[in-house]
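Engineer:
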Amino acid sequence: MSSIPTLPQALTVFSRELFTTLFHPRFLFFLPCLPLHIPVYITGSLSERLLGIPGEEESKAQRKAVCSGLVFGIISSFCGAKLVKISMDQPAWLLSYIRKAGLGFLTIREGVEPIRGARKVLSLAFMMYLTTRVLFRWHNALIGGSQFSITTEGCLSNFNSFKEITGSKAAILPPLRSSILIFCDRYRRLAASWKILLGVLSPASSDEKAAEISSITRPPIPASNPFVKRKEDTGGDLPRVAAIHAGTQARMETRRIPSRTLARQLFSARTEAEYIVEKFRLTV
């Protein structure tokens, strides 16, 4: 039977998850290009919050993809241009070996000025493309792209009362996809342990009240698409539909509830659900 964890339990689990995540082989291999992706992560998060239309998840995803993609393209192109500049500053001993091999015409320093300029432009374009492709494949191979979908409720299902999960379904998948799922699961566990630790550290008075939680117990009705033609309702259903949309709009405008204020309620709800299921199983 799960219950609300104590502070030592939450701190121990978070420390363990942090250690195993930071020293995971996939994170260590991704560490060299992590600084290049941090601005992309920040841009995607800010564009989703500032440019996304409330209640329209597709618009948030579109803004996030466009803005983060532009930043990623700028960063990768900058890295490619730097590599071309480094390749132009070839040491004298390397140039001598290249000339002896009869390949001096391949260097940007050799040849007629127009040819050198054309080679420089082609080298710059090719290196930008190659850098973008390598960084993109590097990120997706080690992180798994869009599989980082983190919510407190979803993480708690994997947290399983602070016990290690044994027997993963990812074992039956191909090796690459299996390792991606394992790393993503490790990251979700770390995020869940951090949010639960914040929930345990926060005072009980900061927990959300039942009336405030009721606004998120059901997902809001999606906003109507203006490009879809519908028959105008002139009957008695019009007031009911208007009331539904008014309630939906009110839920959309409800403030975002911090996940740390839901930790105790989620554990209490899990305890109650387990008790009811166990009671039902004994009566069957």
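Numbering (this note's numbering), first residue to last: 1 to 284. By construction, the Cβ of each residue, glycine as well, lies at the ideal position given by its N, Cα and C atoms.
1. Relative to the C-alpha of isoleucine 75, which residue among Ser259, His37, Ser47 is closest?
2. Classify lysine 229 as helix, strand or coil using the three-state DSSP reduction.
3. Measuring straight from C-alpha to C-alpha, what distance separates valine 13 and arginine 137?
4. Considering only the alpha carbon of each residue, which of Leu266, Phe30, Thr20 lies closest to aspartate 185?
5. Beta-carbon within less than 8 angstroms of tyrosine 129's beta-carbon, same chain only, minus the 5 sequence neighbours each way: which residues are those?
6. Taking 8 angstroms as the cut-off, decide whether the C-beta atoms of serine 193 and glutamate 17 are in contact.
7. Look at the alpha carbon of serine 168 and the alpha carbon of phenylalanine 227, and state the distance between them as a whole number of angstroms.
8. Taking Cβ to Cβ, would you say phenylalanine 72 is nearer than 8 angstroms to valine 40?
9. Return the CA-CA distance between leucine 70 and phenylalanine 267, expressed in angstroms with no decimal places.
10. Can you tell me where the alpha helix (DSSP H) holding proline 8 begins and where it ends?
11. Given a cut-off of 8 angstroms on the beta-carbon distance, is the pair proline 195 and alanine 263 in contact?
12. Output needed for serine 229: all residues of its chain with C-beta closer than 8 angstroms, excluding positions within five of it in sequence on either side, in chain order.
13. To the nearest angstrom, how far is the alpha carbon of serine 77 from that of glycine 199?
14. Using the Cβ count rule (16 or more neighbours within 10 Å means buried), how would you classify threonine 6?
15. Between threonine 261 and serine 3, how many whole angstroms is the CB-CB distance? I'm expecting something under 8 angstroms.
16. Kindly indicate which three-state DSSP category glycine 52 falls into: helix, strand or coil?
17. For a quick check, are the C-beta atoms of serine 47 and serine 15 less than 8 angstroms apart?
18. Nearest-angstrom Cα distance between proline 203 and glutamate 278?
Structural biologist: Inspection of the coordinates gives the following:
1. Indexing the sequence shown from 1 puts residue 75 at position 75. Looking at the Cα atoms, His37 is the closest of the given residues.
2. By 1-based counting over the sequence shown, the position of residue 229 is 229. In this structure, lysine 229 counts as coil in the three-state DSSP scheme.
3. Within the sequence shown, the letter at position 13 stands for residue 13. Within the sequence shown, the letter at position 137 stands for residue 137. C-alpha separation (whole angstroms): 32 angstroms.
4. Counted from its first residue, the sequence shown places residue 185 at position 185. For the residues Leu266, Phe30, Thr20, the minimum Cα distance to aspartate 185 belongs to Thr20.
5. Within the sequence shown, residue 129 is the residue found at index 129, counting from 1. Excluding sequence neighbours, tyrosine 129 sits near Gly80.
6. Here residue 193 refers to the residue found at position 193 when the sequence shown is read from its first residue. Here residue 17 refers to the residue found at position 17 when the sequence shown is read from its first residue. Closer than 8 angstroms, so yes.
7. The residue you call residue 168 lines up with position 168 of the sequence shown. The residue you call residue 227 lines up with position 227 of the sequence shown. Since pLDDT at serine 168 reaches only 40, below the 50 mark, its modelled position is unreliable, and the value read off the structure follows with that caveat. Distance between the alpha carbons of serine 168 and phenylalanine 227 is about 44 angstroms.
8. Within the sequence shown, the letter at position 72 stands for residue 72. Within the sequence shown, the letter at position 40 stands for residue 40. Cβ atoms of phenylalanine 72 and valine 40: closer than 8 angstroms.
9. As a first step, residue 70 must be located in the sequence shown, where it is residue number 70. As a first step, residue 267 must be located in the sequence shown, where it is residue number 267. Distance between the alpha carbons of leucine 70 and phenylalanine 267: 41 angstroms.
10. Translated into positions along the sequence shown, residue 8 becomes position 8. 7-22 is the span of the alpha helix (DSSP H), which, as asked, contains proline 8.
11. The residue given as residue 195 occupies position 195 in the sequence shown. The residue given as residue 263 occupies position 263 in the sequence shown. One point to set straight first is that residue 195 is lysine, not proline, in the sequence displayed. Yes; because the gap between Cβ atoms is below 8 angstroms, this pair is in contact.
12. Translated into positions along the sequence shown, residue 229 becomes position 229. Residue 229 is actually lysine in this sequence, not serine. Non-local C-beta neighbours of lysine 229 in its own chain, meaning closer than 8 angstroms and more than five positions away in sequence, are absent.
13. Reading the sequence shown from its first residue, position 77 is the one you call residue 77. Reading the sequence shown from its first residue, position 199 is the one you call residue 199. Cα to Cα, the separation comes out at about 42 angstroms.
14. By one-based count along the sequence shown, residue 6 stands at place 6. Looking at its Cβ environment, which holds fewer than 16 other Cβ atoms inside 10 Å, threonine 6 is exposed.
15. Here residue 261 refers to the residue found at position 261 when the sequence shown is read from its first residue. Here residue 3 refers to the residue found at position 3 when the sequence shown is read from its first residue. About 18 angstroms; that fails the 8 angstroms criterion.
16. Residue numbering aside, residue 52 sits at position 52 when the sequence shown is read from its first letter. It is coil, neither helix nor strand.
17. As a working note, residue 47 is residue 47 in the sequence shown. As a working note, residue 15 is residue 15 in the sequence shown. No, they are not a contact pair.
18. If you number the sequence shown from 1, residue 203 lands on position 203. If you number the sequence shown from 1, residue 278 lands on position 278. Proline 203 and glutamate 278: Cα-Cα distance of roughly 31 angstroms.
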